[in-house]
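*Asks:* Following this message is one structure expressed as structure tokens.
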Amino acid sequence: MEITVVLSQENETLPKAELLSRLETLDIKYTILNEYPGIIELDVGATWEDIVELGSHLGYTHEILKTISKTTPEKLEESIEDIDWTKYVTDSFKVRVKRMGGGDVDKDKIERNIGGFIKQKSNMPVSLDDAICTIKLIYTNPEQVVNEYKEVSIKKYNKVIISQLIIEQDKKHFFDNKPHKRPYFHPGSMSPKLALCMVNLAHVHNNDTVLDPFCGTGGILIEAGILNTKLIGSDIEKHMYEGSKLNLAHEGFEDFKIMWEDVRKLELDETVDAVAMDPPYGISTTLGGDNTKELYHEALIAISNYLKDDGYICMASPHYIDLNEVVEGTSLKINQQHAIRMHKSLTRIITVLSKK
Numbered sequence: 003m004e005i006t007v008v009l010s011q012e013n014e015t016l017p018k019a020e021l022l023s024r025l026e027t028l029d030i031k032y033t034i035l036n037e038y039p040g041i042i043e044l045d046v047g048a049t050w051e052d053i054v055e056l057g058s059h060l061g062y063t064h065e066i067l068k069t070i071s072k073t074t075p076e077k078l079e080e081s082i083e084d085i086d087w088t089k090y091v092t093d094s095f096k097v098r099v100k101r102m103g104g105g106d107v108d109k110d111k112i113e114r115n116i117g118g119f120i121k122q123k124s125n126m127p128v129s130l131d132d133a134i135c136t137i138k139l140i141y142t143n144p145e146q147v148v149n150e151y152k153e154v155s156i157k158k159y160n161k162v163i164i165s166q167l168i169i170e171q172d173k174k175h176f177f178d179n180k181p182h183k184r185p186y187f188h189p190g191s192m193s194p195k196l197a198l199c200m201v202n203l204a205h206v207h208n209n210d211t212v213l214d215p216f217c218g219t220g221g222i223l224i225e226a227g228i229l230n231t232k233l234i235g236s237d238i239e240k241h242m243y244e245g246s247k248l249n250l251a252h253e254g255f256e257d258f259k260i261m262w263e264d265v266r267k268l269e270l271d272e273t274v275d276a277v278a279m280d281p282p283y284g285i286s287t288t289l290g291g292d293n294t295k296e297l298y299h300e301a302l303i304a305i306s307n308y309l310k311d312d313g314y315i316c317m318a319s320p321h322y323i324d325l326n327e328v329v330e331g332t333s334l335k336i337n338q339q340h341a342i343r344m345h346k347s348l349t350r351i352i353t354v355l356s357k358k
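Residue numbers for the sequence shown follow this note's numbering, so the first one is 3 and each next one is one higher.
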């Protein structure tokens with residue numbers, strides 16, 4: 003099955019990396035067919051239900067659609083007429099136009115005309131509010147121009163992907179799970195979207211055992227717990243230890259163990275499938291006054307003792323810490339890294355590691 007994935011464009015590399023990691027975790031074979039800004043086309047060995055499972059647990063993917071046909075704006079009507087719409091539209095439907103990059107397209111006219119044609123051919127009703135099926139026309143592969151002020155605009159689109167929506171992101175999940183809405187809140191808590199992305203980069207499967215040795219308020223563990231995982235967390239700060247337990251219980255999780263412990267002294271009675279963590283930055287009381295790079299090095303050694311041989315670690319760190327130096331003398335290697343600019347003086351690096 004060919005699918006079209008609409009990715010967030012808030013980061014250049016994370017959305018694609020998260021998507022591919024989740025595909026690998028679910029053991030869905032794929033081939034990348036085309037890539038455009040915010041769009042990736044794939045051929046996947048998967049069912050509709052597989053894609054629903056894929057799309058229901060991604061932080062930086064907006065929509066996944068079944069590709070019906072590909073055409074150009076000039077040949078759109080002809081391509082629409084060539085499709086047997088009774089195969090795709092078997093209930094109420096609506097047509098939506100999506101312009102990647104906001105180029106000049108008469109959305110209302112196209113939606114009205116194409117919707118009318120599909121209604122006639124499928125004999126199914128249009129429903130703008132409660133449609134069972136959404137047909138989406140994605141205008142992409144833009145031809146850009148730059149004016150004298152170096153402003154970029156879209157001159158024209160060279161491609162239209164005719165598609166059927168399979169699943170779209172549940173934005174309500176991220177809104178409802180904002181850190182300040184939990185029973186225990188601490189400034190600087192990671193957003194649920196990034197926490198979910200890190201869980202996916204750590205290749206967390208359903209029913210895995212997941213460790214966050216710097217669990218803070220429990221944000222990463224909450225996103226991992228949605229996959230019916232066993233959760234293990236620790237934090238050197240007592241208020242974080244208490245707060246994360248409160249937040250996890252509030253979310254309804256039962257299979258978790260939180261320890262008030264320094265990660266360097268971590269003792270577990272089992273191995274873990276994956277680790278996702280956001281260690282503290284800089285020298286502070288939370289590190290006992292120790293050097294950050296030294297803490298990271300010692301933490302990774304301690305963690306790797308409990309990580310299964312095929313497991314992954316995903317960690318966040320500040321740009322001024324060279325993790326290539328940190329992993330020297332450990333059993334770990336760096337697989338991929340992604341940069342997130344937080345503000346003028348800090349860029350967060352998301353790193354995926356595994357055993358050598």
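Glycine included, each C-beta is placed from N, C-alpha and C at the ideal position.
With three or more beta-carbon pairs closer than 8 Å as the criterion, would you say the stretch 29-48 touches the stretch 212-227?
*Replies:* In short, these stretches do not touch, since the Cβ pair count stays below three.
*Asks:* Does the structure place the stretch 39-57 close enough to the stretch 148-159 that three or more beta carbon pairs sit under 8 Å?
*Replies:* The stretch 148-159 is not in contact with the stretch 39-57.
*Asks:* Give the C-beta separation of Leu130 and Ile112 to the nearest angstrom, bearing in mind that I take them to be a contact with Cβ-Cβ under 8 Å.
*Replies:* The residue you call residue 130 lines up with position 128 of the sequence shown. The residue you call residue 112 lines up with position 110 of the sequence shown. So it is not a contact: roughly 15 Å between Cβ atoms.
*Asks:* Taking only three categories from DSSP, how would you classify Lys358?
*Replies:* To locate residue 358, count along the sequence shown from 1; it is residue 356. Lys358 falls in the coil class under three-state DSSP.
*Asks:* Helix, strand or coil, according to DSSP, for His205 in the structure here?
*Replies:* Position 203 of the sequence shown, counted from the first residue, corresponds to residue 205. Looking at His205 - three-state DSSP - the assignment turns out to be coil, as it is neither helix nor strand.
*Asks:* Beta-carbon within less than 8 Å of Thr27's beta-carbon, same chain only, minus the 5 sequence neighbours each way: which residues are those?
*Replies:* As a position in the sequence shown, residue 27 is number 25, starting the count at 1. Closer than 8 Å at Cβ, skipping near neighbours: Asn202, His205, Val206 and His207.
*Asks:* Going by Cα to Cα distance, which pick from Ala278, His241 and Lys173 is closest to Leu213?
*Replies:* Here residue 213 is taken as the residue at index 211 of the sequence shown, counted from 1. Considering only alpha carbons, the answer is Ala278.
*Asks:* Between Ala197, Phe119 and Glu55, which has its C-alpha nearest Glu83's C-alpha?
*Replies:* As a first step, residue 83 must be located in the sequence shown, where it is residue number 81. Here the closest residue by C-alpha is Phe119.
*Asks:* Helix or strand or just coil, what does DSSP make of Gly290?
*Replies:* Numbered from its first residue, the sequence shown carries residue 290 at position 288. Note that Gly290 scores a pLDDT of 47, beneath 50, so its modelled location is shaky; the value from the coordinates is reported in the next line. Coil, per DSSP.
*Asks:* Thr27 lies in the alpha helix (DSSP H); which residues open and close that run?
*Replies:* The residue given as residue 27 occupies position 25 in the sequence shown. That run of the alpha helix (DSSP H) goes Leu16 to Thr27.
*Asks:* Assuming Thr211 and Asp275 are in contact, meaning their beta carbons sit under 8 Å apart, how far apart are those beta carbons, in whole angstroms?
*Replies:* Translated into the one-based positions of the sequence shown, residue 211 becomes position 209. Translated into the one-based positions of the sequence shown, residue 275 becomes position 273. So it is a contact: roughly 5 Å between Cβ atoms.
*Asks:* Given that a residue counts as buried once 16 or more other Cβ atoms are within 10 Å of its Cβ, and exposed if not, what is Gly291?
*Replies:* Stepping through the sequence shown from its first residue, residue 291 is reached at position 289. The predicted model places Gly291 with a pLDDT of 43, which falls under 50 and marks its position as unreliable; any figure quoted below should be read in that light. The residue in question, Gly291, is exposed, as its Cβ has fewer than 16 Cβ neighbours within 10 Å.
*Asks:* Determine the contact status of Leu250 and Tyr186, defining contact as a CB-CB distance below 7 Å.
*Replies:* Stepping through the sequence shown from its first residue, residue 250 is reached at position 248. Stepping through the sequence shown from its first residue, residue 186 is reached at position 184. No, the pair does not count as a contact, with Cβ atoms beyond the cut-off.
*Asks:* Who pairs with Pro144 in a beta bridge, going by DSSP?
*Replies:* Here residue 144 refers to the residue found at position 142 when the sequence shown is read from its first residue. Looking at the DSSP assignment, Pro144 forms a beta bridge with Tyr159.
*Asks:* Tell me whether His345 sits in a helix, a strand or coil according to DSSP, three-state version.
*Replies:* The residue given as residue 345 occupies position 343 in the sequence shown. Strand at His345.
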